[in-house]
Amino acid sequence: MGDNWVSACPREALRSGEMTMEELSGNEIVLADVDGEVFAFDGICTHALGYLDQGDLDGYQVLCPLHEGRFDIRTGKVVAGEPDEPIAVYPTKVQDGTVYVNVPE
Ligand code: FES
Numbered sequence: 001m002g003d004n005w006v007s008a009c010p011r012e013a014l015r016s017g018e019m020t021m022e023e024l025s026g027n028e029i030v031l032a033d034v035d036g037e038v039f040a041f042d043g044i045c046t047h048a049l050g051y052l053d054q055g056d057l058d059g060y061q062v063l064c065p066l067h068e069g070r071f072d073i074r075t076g077k078v079v080a081g082e083p084d085e086p087i088a089v090y091p092t093k094v095q096d097g098t099v100y101v102n103v104p105e
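Mapping to full-length UniProt numbering: the sequence shown position 44 is 44, numbers consecutive.
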């Protein structure tokens with residue numbers, strides 16, 4: 001499985017503490033800026049398909065809007081709540097003012 005860096009959004013479109021959902025290579029992926037660092041993770045909660053970009057970002061954790069499941073966006077691991085399965089997380093990089101995400105094809 002090789003690299004598949006996909007252009008996601010302008011870096012300046014992401015502000016600290018905020019999230020945005022993008023469709024990248026057919027996946028709904030959330031981009032989040034935490035203290036100037038960009039993270040990318042699956043936008044659909046593994047519990048009952050809540051849209052994580054509609055939830056809250058709390059430091060390095062995202063809180064699902066439906067049943068308050070909590071995931072660590074650095075690892076995808078469940079921190080609290082109903083979900084049993086982690087969410088996928090993806091490497092990011094910023095090049096020439098654009099955020100890229102490495103999404104498996
Ligand atoms: S759908 Fe996310 S916690 Fe239930």
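Ideal placement from N, C-alpha and C gives every residue a C-beta, glycine not left out. All figures in this text were calculated on a predicted structure; none of them were measured in a lab.
With 16 other Cβ atoms within 10 Å as the buried cut-off, status of residue i
i: A8; result: buried
i: P83; result: buried
i: T92; result: buried
i: G55; result: buried
i: G59; result: exposed
i: T75; result: exposed
Contact set for residue i: own chain, Cβ-Cβ below 8 Å, skip 5 residues either direction
i: G17; result: D33, V34 and L57
Beta-carbon proximity list for residue i, same chain, < 6 Å, skipping 5 on both sides
i: V30; result: M19, M21, F41, G43, L52 and D53
Rounded separation between residue i and residue j - CA only
i: V103; j: D72; result: 19 Å
i: V99; j: P10; result: 6 Å
i: Q25; j: G36; result: Reading the sequence as shown, one finds Ser at residue 25 and not Gln. Looking at the two C-alpha atoms, the distance is approximately 25 Å.
heavy atom of the ligand FES below 8 Å from residue i C-beta
i: G43; result: no
i: A48; result: yes
i: G81; result: yes
i: C64; result: yes
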